[in-house]
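Enquirer: According to the numbering used here, the sequence shown is numbered sequentially starting from 102.
Backbone N, C-alpha and C fix where the C-beta goes; we use that ideal spot for every residue, glycine too.
Fair warning: this is a prediction, and the values are worked out from it, not measured in the lab.
So that we are looking at the same thing, I have put the structure below in structure tokens.
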Amino acid sequence: MEEGLVARAKRWICGRGVWSFKVLFKPYDVYDEVFEDPDYLWVLLLFVLTGLSAGLSYVLLQATKIIYYDVEVGESFTFVDIYGWPMTTLMNFISNTVSLGINFLITAVILYLSSWLLGGERSFPGTILCVGFSFTAYIISSLLQVILLPFVPDVTYRITSRIEVLTLLSSIQAVKHQIAVWNSLDRLNVIADEVWRNSIIVQASNILFYAFPIWVITVSGIGVGKLAELDRGRTLIMQGITVLAWMLIYVTIPRIIG
102 MEEGLVARAK
112 RWICGRGVWS
122 FKVLFKPYDV
132 YDEVFEDPDY
142 LWVLLLFVLT
152 GLSAGLSYVL
162 LQATKIIYYD
172 VEVGESFTFV
182 DIYGWPMTTL
192 MNFISNTVSL
202 GINFLITAVI
212 LYLSSWLLGG
222 ERSFPGTILC
232 VGFSFTAYII
242 SSLLQVILLP
252 FVPDVTYRIT
262 SRIEVLTLLS
272 SIQAVKHQIA
282 VWNSLDRLNV
292 IADEVWRNSI
302 IVQASNILFY
312 AFPIWVITVS
322 GIGVGKLAEL
332 DRGRTLIMQG
342 ITVLAWMLIY
352 VTIPRIIG
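Written out as structure tokens, the structure reads:
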């Protein structure tokens, strides 16, 4: 009985894994299978893995490339040195999962509404399937960022005491210092921008930030178009609307506000 469960689990993982990669590279060939046997458990697992991979890639950045130097004691340390690997990973997993969840819902809602406005059949559960399987692209993005990480220049942030860094990294626990905390974070961002501005590797990584969401929208849009019975022209319009909306929400508005 136990061996049977293991064998079924292996077949399930292998089968759904093949679907996930086919969605990215041969979406027209696999979406019919996805719709015939919808698997929301796999979508949930993919979502968790996406959040975990994004969180781990950022933990590695914090552990190896962002260094705090205490000028009073002459000591260098990182975010991970203060909180430890488990807590740092958990914090990054939660923050990245929340961010990805918002991204997921925004993408799904825009695809759903635009397909409806273009006269297609409506199916929000089907749209969730399409977006969920396409999120495999973000796992690939995180892996590429980890591969590029050794070539990213180090950033050293000089502070006057270890207490300041603990305050900077524990804003929830030190609300009374919130203004100082955000000022410190702003300074760190400025320093990182100055160091990384001329790095070809960092610029390539920034391009990935825009390329992978467009990839996700493109392949999930193909699935939604098939589901909504839209022709290629209307599917392309739907994808364009979603890309423009995503750029407005994640690029244009933050720059205006910032």
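By the 10 Å Cβ neighbour count, where 16 or more other Cβ atoms means buried, how is Phe236 classified, buried or exposed?
Expert: Result: buried.
Enquirer: Of the residues Phe310, Leu191, Arg112 and Glu176, which one's Cα is nearest the Cα of Ala238?
Expert: When each option's Cα is compared against that of Ala238, the closest is Phe310.
Enquirer: Decide if Asn299 is buried, meaning its Cβ has at least 16 other Cβ atoms within 10 Å, or exposed.
Expert: Exposed.
Enquirer: Would you list, in sequence order, the uninterrupted alpha helix (DSSP H) runs of no fewer than 4 residues that lie entirely inside the stretch 114-186?
Expert: 128-137, 141-165 and 180-184, all fully within the stretch 114-186.
Enquirer: Leaving out five residues on either side along the sequence, give the residues of the same chain with a beta carbon under 7 Å from the beta carbon of Thr319.
Expert: Closer than 7 Å at Cβ, skipping near neighbours: Gln340.
Enquirer: Between Ile195, Leu249, Thr336 and Ile308, which lies nearest to Ser321 when the distance is taken from Cα to Cα?
Expert: For Ser321, the nearest C-alpha among the options comes from Thr336.
Enquirer: DSSP three-state label for Arg223, please.
Expert: Of the three classes helix, strand and coil, the one that applies to Arg223 here is coil, per DSSP.
Enquirer: Does the stretch 129-141 come within contact of the stretch 220-233, defined as at least 3 CB pairs closer than 8 Å?
Expert: They touch, by the three-pair rule.
Enquirer: According to the Cβ coordinates, are Pro128 and Gly324 closer than 8 Å?
Expert: The answer is yes: Cβ separation under 8 Å.
Enquirer: For Glu330, which of Val210, Asn290 and Ser216 has the nearest alpha-carbon?
Expert: Nearest of Val210, Asn290 and Ser216 to Glu330, Cα basis: Ser216.
Enquirer: Candidates Gly202, Arg259, Ile338 and Asp332: which alpha carbon is nearest Ala155's?
Expert: It is Gly202.
Enquirer: Report yes if the C-beta distance between Gln163 and Thr189 is below 8 Å; otherwise report no.
Expert: Yes, the pair counts as a contact, with Cβ atoms nearer than the cut-off.
Enquirer: Let me know if Ser177 comes out buried or exposed under the rule of 16 or more other beta-carbons within 10 Å of its beta-carbon.
Expert: The residue in question, Ser177, is exposed, as its Cβ has fewer than 16 Cβ neighbours within 10 Å.
Enquirer: Using 8 Å as the threshold, is the C-beta distance between Ile183 and Val256 below it?
Expert: Result no, Cβ atoms of Ile183 and Val256 do not sit closer than 8 Å.
Enquirer: Counting only the same chain and skipping the five closest in sequence on each side, list residues whose C-beta sits under 7 Å from that of Asp140.
Expert: Arg117.
Enquirer: Verify whether the separation of the beta carbon atoms of Val172 and Arg259 is less than 8 Å.
Expert: Against a cut-off of 8 Å, the Cβ pair of Arg259 and Val172 comes out as a contact.
Enquirer: Can you tell me whether DSSP reads Arg298 as helix, strand or coil?
Expert: Correct three-state label for Arg298: coil.
Enquirer: Near Thr151, what residues of its chain come up, given a Cβ to Cβ distance below 7 Å and the 5 sequence neighbours on each side ignored?
Expert: Taken in chain order, the residues that qualify are Leu201, Phe236, Tyr239 and Ile240.
Enquirer: Candidates Trp143, Pro254, Leu218 and Trp186: which alpha carbon is nearest Ala293's?
Expert: Here the closest residue by C-alpha is Pro254.
Enquirer: Say the cut is 7 Å; is the CB of Thr336 nearer than that to a heavy atom of the ligand ZN?
Expert: No copy of the ligand ZN appears in this structure; indeed no ligand is present at all.
Enquirer: Just how far apart, CA to CA, sit Ile195 and Pro314?
Expert: Their Cα atoms are separated by approximately 20 Å.
Enquirer: Quick one: grab the DSSP three-state call for Val344.
Expert: DSSP places Val344 in helix when its eight states are reduced to three.
Enquirer: What whole-angstrom Cβ distance do Thr208 and Thr353 have, given they're in contact under 8 Å?
Expert: No, Thr208 and Thr353 are not in contact; Cβ-Cβ is about 17 Å, not under 8 Å.
Enquirer: Can you name the residues that DSSP bridges to Tyr311?
Expert: The partner list for Tyr311 (beta bridge, DSSP) is empty, contrary to what the question assumes.
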